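The structure appears right after this line, and notes come after that.
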Amino acid sequence: MSEPKTKATKASVAQFLGKISDAKRREDCLAIVKLMEGATGEEPVMWGSSIVGFGRYNMKYASGKEAEWPIIGFSPRKNALTLYIMGGLSKSKDLLSRLGKHKNTGSCLYLNGLDGVDQSALKELMERSVKAMSSKRVKE
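Sequential numbering of the sequence shown, starting at 26, is according to the numbering used here.
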């Protein structure tokens with residue numbers, strides 16, 4: 026079986042975020058880091074070359090293959106800030122309705138930025154997700 030391509034690295038999160046050329050996008054990413062640190066109590070870690078993750082859990086695919094993945098994380102993709110909310114967004118329709126402009130699929134939440142986003146709803150969404158994942162969390 027092949028190794029997963031996306032795994033925790035020792036790369037610097039600060040350097041990665043510092044390379045974001047758009048000042049507003051960089052500012053939004055730093056705000057997301059603070060929210061995710063607060064929700065998990067964990068320091069950010071680079072996963073692969075473009076995902077900032079917090080905490081970790083063992084994920085099991087339908088094939089039976091297992092891999093580690095962050096409890097929660099994000100990536101400043103070109104088209105949107107992509108937040109990985111592993112606790113499931115389908116259980117948080119109340120918060121999504123308050124959130125503001127966004128798109129979501131499965132465990133991915135897509136935001137153009139934080140302008141117009143209800144920060145308290147986003148914070149609660151992250152906290153709810155982390156709590157839902159607590160039994161799967163890998164303790165270090």
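Ideal placement from N, C-alpha and C gives every residue a C-beta, glycine not left out. As the structure is a computational prediction, the values presented were derived from the model and not from experiment.
Classification of residue i by the beta-carbon crowding that lies within 10 angstroms, buried from 16 upward
i	result
residue 74	exposed
residue 26	The predicted model places residue 26 with a pLDDT of 46, which falls under 50 and marks its position as unreliable; any figure quoted below should be read in that light. Per the 10 Å Cβ criterion, exposed.
residue 48	exposed
residue 154	buried
residue 87	exposed
residue 46	exposed
Beta-bridge pairing of residue i - partner residues as DSSP gives them
i	result
residue 70	78
residue 33	72
Residue j beta carbon less than 8 Å from that of residue i
i	j	result
residue 107	residue 117	no
residue 139	residue 56	yes
residue 71	residue 112	no
Would you call the stretch 34-47 and the stretch 79-91 touching, i.e. three or more CB-CB distances under 8 Å? Touching, no.
Under 8 Å: do the stretch 87-103 and the stretch 113-125 share three or more Cβ pairs, one atom per stretch? In short, these stretches do not touch, since the Cβ pair count stays below three.
Can you confirm whether the stretch 49-65 touches the stretch 141-155 when touching is taken to mean that 3 or more C-beta pairs between the two stretches lie within less than 8 Å? As far as the Cβ criterion goes, the stretch 141-155 touches the stretch 49-65, which means the pair count is three or higher.
Run through the stretch 70-154 for me and flag every whole alpha helix (DSSP H) of 4 or more residues, listed as ranges in chain order. Secondary structure within the stretch 70-154: the alpha helix (DSSP H) runs of 4 or more consecutive residues, fully enclosed, are 118-124 (chain order).
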